[in-house]
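Chains as they are written, first to last, in the working numbering: chain V, 1 to 520; chain A, 1001 to 1230. For every residue, glycine included, the Cβ atom is placed at its ideal position computed from N, Cα and C.
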């Protein structure tokens, strides 16, 4: 059996606080505490100087340090922020194991030989992290990752073979097992050396399996090999153009070559992507980025189309077929120098699943090609699909999504006040103005208490001659989004049937009658 | 034609042959609701045909789409920004197999032609009078690709033109009730075998938004059940 692996451990002190600074911008120099379940789990040095310690309640911590910034513990944020640090370490050495956000370990034998000595390897790694991520890191080297972590906290390099002696002087609480440490201290065992001196069999029978494991660690017998992380394959493709692209046809040609390269690279890894980010840098250094989603897998042709649309949109500065989108397109100030395609939402490609009876998959392919062709003719926003969602008016209950985008259906929820079926077969995009008259040719009004001034008798739509109303029902009130003044809507709705056989949905809002929908 | 001399007995009209050929292959037919079947010489939407719908009855378009959509067909609607999509869903149209091009602009013949290449049923709102050449070219495209073109508007040379007339709504009173269902007569006029107008009386929409057979007799809305209280 081989002994413990000589391990180098990189430790970033107070990582949760640093991660919060990196992602949310809360300065780590200020007194900051990270809370989980109402208890402090990490704090900045400034907070520690004010006697904020691990395990305090929020109120207690704030009473000790009134200007304390309190943040909620977010393991995902810590892990995300740690990724660049691991990447920086991987630039210098190979085979890094992430122990937890804030600490990573590696076998030191190779780097020590490459850089000349363990000290130089440690210096190089700390320097690299400082340059790449502007993060302070400490390094400890010892036999086994447990001892290496204690060494990192102490800022030491424990010479080979002296790990046991180094551990012997440490407090039992550093085992990271508070209950066991508490018990051992009450038994008079205060250091790891004293704990390690107990017979292993007795520790197992008296304290259980986990304590037996801790006993081995305390004795410096940390034989667990490092689980090395495999860096994810680089999938993004990019291309630099000597001649800046400022014409649409040149852009389309460039897009095609790049899209095919991306597709080949993905296929080589047996992958396919469902989202695609297109990044471009112009000759002036302006950066443009846009993400495209797709409900199926992006094929080479689909990738080409999307890149081409995006470049066309950027280069022409206008988008046809989208008059209702007020978002001003970002127009580059110069030609595109640099283009990068980043596949996102990568999944394993298992091949196209044809329909059970053969036809449906093919029909879907054909239909998607036809719609993509129309998108190519008129612009990507010209073809839409519909998704049902919650709402009260017939127009509200449908959401239009660009063809090819993901269709995320809303959870069904009760919507008191929505009209029961049948729904109107025609819903004009803009409501049409109308006037409703009673028997004496006076406009019909509805009071705030929903009493109607007189029975509706005639309806004039958009200045046309009035038509007699043969049947009507209402008013049915809706009062929506009153908490947002810009979107608030207060309406009384009516269904009317006209003498010529038409049936309409009318709405009265602020004294104005409109035709909301036509039952035709 | 019925009194042909004996030596012409084996001769059939070309349109009869067309019907025989079309009913022979089930694949060549997109289904329609059972109530509408008498209107179609082939008993359904024959692939490659052009079936026009007279404007003013959007729910008839939805009923045709629903029949085809329920058999797994893909559909596209061009130039109808006001189509009620909630009504479409209630009528039975599968919205995930329906693509919409609300504003095709001046290129609409090109858009319709592109869609006919790949989509089984294409509904196209006719934007005013169109040249007969354009109409016949699009119909020919549908015939060649095996898609069904449903122009919503006047269309020269349509195989069949469906018109909804005589709609009567039920359920709405003077200040009470709500729109529940409509009885409608749908008339089909066409060429060839469909030359004689045929019509059916249906409920479109019924109280769930779908197509249903018309009630056999019109009865009073309320029937007093004698002895129900006893």
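Residue i - containing beta strand (DSSP E), residue span
i	result
residue 1069(A)	Per DSSP, residue 1069(A) belongs to no beta strand (DSSP E); it is in the alpha helix (DSSP H), 1058–1070.
residue 18(V)	Per DSSP, residue 18(V) belongs to no beta strand (DSSP E); it is in the alpha helix (DSSP H), 15–24.
residue 1183(A)	1177–1190
residue 470(V)	467–480
residue 435(V)	432–437
residue 384(V)	384–388
residue 6(V)	6–11
residue 142(V)	138–143
Neighbouring residues, chain A, relative to residue i (Cβ below 8 Å)
i	result
residue 371(V)	1076, 1099, 1115, 1118, 1119
residue 497(V)	1169, 1172, 1179
The alpha helix (DSSP H) enclosing residue i, as first and last residue numbers
i	result
residue 133(V)	118–133
residue 178(V)	178–186
residue 194(V)	192–196
residue 1166(A)	That residue, residue 1166(A), is in no alpha helix (DSSP H); its beta strand (DSSP E) goes 1160–1172.
residue 84(V)	75–92
residue 110(V)	109–115
Helix, strand or coil at residue i according to DSSP, with G and I counted as helix
i	result
residue 1023(A)	Because residue 1023(A) sits at a pLDDT of 42, beneath the cut-off of 50, its placement in the model cannot be relied upon, and the following sentence gives the value as read from the coordinates. Here residue 1023(A) sits in helix by DSSP.
residue 513(V)	strand
residue 448(V)	coil
residue 1199(A)	strand
residue 204(V)	helix
residue 345(V)	strand
residue 215(V)	helix
residue 313(V)	helix
residue 495(V)	strand
residue 329(V)	Since pLDDT at residue 329(V) reaches only 46, below the 50 mark, its modelled position is unreliable, and no value is offered.
residue 354(V)	Unreliable placement is indicated for residue 354(V), whose pLDDT of 49 sits below 50; the coordinate value is still reported in the next sentence. In the structure shown, residue 354(V) sits in coil (DSSP, three-state: anything other than H, G, I, E or B).
residue 240(V)	strand
residue 458(V)	strand
residue 1038(A)	helix
residue 506(V)	strand
residue 158(V)	coil
residue 955(A)	Lying outside 1001 to 1230, the shown extent of chain A, residue 955(A) is not represented and no answer is given.
residue 171(V)	strand
residue 1045(A)	strand
residue 105(V)	strand
Chain D residues whose Cβ lies nearer than 7 Å to that of residue i
i	result
residue 429(V)	Although the question refers to chain D, the structure presented lacks it and instead comprises the protein chains V and A.
Check: residue i C-beta below 7 Å from any heavy atom of the ligand ZN
i	result
residue 498(V)	Among the ligands in the structure shown, none appear at all, so the ligand ZN cannot be discussed.
Neighbouring residues, chain A, relative to residue i (Cβ below 9 Å)
i	result
residue 388(V)	1085, 1086, 1089, 1095
residue 468(V)	Correct list: empty, because the minimum Cβ distance to chain A is about 12 Å.
residue 384(V)	1099, 1100, 1101, 1102
Within chain A, the residues that residue i reaches when beta carbons sit closer than 7 Å
i	result
residue 424(V)	1084, 1087
residue 366(V)	1118
residue 453(V)	The premise fails here: residue 453(V) is roughly 13 Å from chain A at the closest Cβ pair, so nothing lies under 7 Å.
residue 397(V)	1086
residue 521(V)	Here chain V has residues from 1 to 520 only, and residue 521(V) is not among them.
residue 517(V)	1084
Under 7 Å from the C-beta of residue i: neighbouring residues of chain V
i	result
residue 1167(A)	501
residue 1209(A)	421, 422, 423
residue 1151(A)	Those within 7 Å of residue 1151(A) in chain V number zero; the least Cβ separation is about 17 Å.
residue 1059(A)	425, 520
residue 1029(A)	Correct list: empty, because the minimum Cβ distance to chain V is about 14 Å.
residue 1047(A)	Correct list: empty, because the minimum Cβ distance to chain V is about 12 Å.
Chain V contact residues for residue i, given Cβ-Cβ distances below 8 Å
i	result
residue 1056(A)	520
residue 1111(A)	374, 377, 378
Listed by chain order, chain V residues near residue i by CB distance under 9 Å
i	result
residue 1071(A)	By Cβ distance, chain V contributes nothing, its closest Cβ being about 10 Å from residue 1071(A), past 9 Å.
residue 1065(A)	Those do not exist, as residue 1065(A) stays about 11 Å from chain V at its closest Cβ, beyond 9 Å.
residue 1062(A)	425
Quick one: complete beta strand (DSSP E) runs, 3+ long, within the segment 247–310 of chain V? Fully enclosed beta strand (DSSP E) runs of 3 or longer: 271–282, 287–293.
For the structure I just gave you, are there three or more beta carbon pairs, one from the segment 477–484 of chain V and one from the segment 419–432 of chain V, closer than 8 Å? Taking a cut-off of 8 Å on C-beta distances, the segment 477–484 of chain V does not touch the segment 419–432 of chain V, as fewer than three cross pairs fall below it.
- Item | Segment contact, 8 Å Cβ cut-off, at least three pairs: the segment 1080–1093 of chain A with the segment 1180–1193 of chain A | No: fewer than three Cβ pairs fall under 8 Å.
| message | For a minimum of 4 consecutive residues, which ranges assigned as the alpha helix (DSSP H) are wholly contained in the segment 1068–1156 of chain A? | response | Listed in chain order, the complete alpha helix (DSSP H) runs (minimum 4 residues) inside the segment 1068–1156 of chain A are 1085–1091, 1108–1118, 1132–1145.
Taking contact to mean at least 3 C-beta pairs separated by less than 8 Å, is the segment 1113–1126 of chain A in contact with the segment 1063–1070 of chain A? Contact holds: three or more Cβ-Cβ distances are below 8 Å.
ask   = Does the count of Cβ pairs from the segment 1139–1155 of chain A and the segment 1103–1110 of chain A closer than 8 Å reach three?
value = Result no; under three Cβ-Cβ pairs closer than 8 Å.
**Request:** Evaluate the contact criterion for the segment 76–89 of chain V versus the segment 101–116 of chain V: three or more CB pairs, one atom per stretch, below 8 Å.
**Result:** Here the segment 76–89 of chain V lies against the segment 101–116 of chain V, with 3 or more beta-carbon pairs under 8 Å apart.
Q.
For the segment 34–45 of chain V against the segment 181–196 of chain V, do three or more pairs of beta-carbon atoms, one drawn from each stretch, fall closer than 8 Å, so that the two count as touching?
A. The segment 34–45 of chain V is not in contact with the segment 181–196 of chain V.
(message) I'd like to know if the segment 1132–1139 of chain A and the segment 396–407 of chain V are in contact, where contact means that at least 3 CB-CB pairs between them fall below 8 Å.
(response) Result no; under three Cβ-Cβ pairs closer than 8 Å.
Margin query: Contact between the segment 125–142 of chain V and the segment 150–164 of chain V is defined here as three or more beta-carbon pairs at a separation below 8 Å; is this criterion met?
Written below: With the cut-off at 8 Å, the segment 125–142 of chain V and the segment 150–164 of chain V touch.
Counting only runs of 3+ residues fully inside the segment 35–62 of chain V, write out the beta strand (DSSP E) ranges in chain order.
-> Listed in chain order, the complete beta strand (DSSP E) runs (minimum 3 residues) inside the segment 35–62 of chain V are 39–43.
Would you check if the segment 1038–1055 of chain A and the segment 377–389 of chain V touch, i.e. whether three or more CB-CB distances between them fall below 8 Å? Flag = no, the segment 377–389 of chain V and the segment 1038–1055 of chain A do not touch.
task: Check whether the segment 1032–1045 of chain A touches the segment 1170–1179 of chain A, counting contact only when three or more Cβ pairs, one atom from each stretch, lie closer than 8 Å.
output: No: the two stretches stay apart, fewer than three of their Cβ pairs being nearer than 8 Å.
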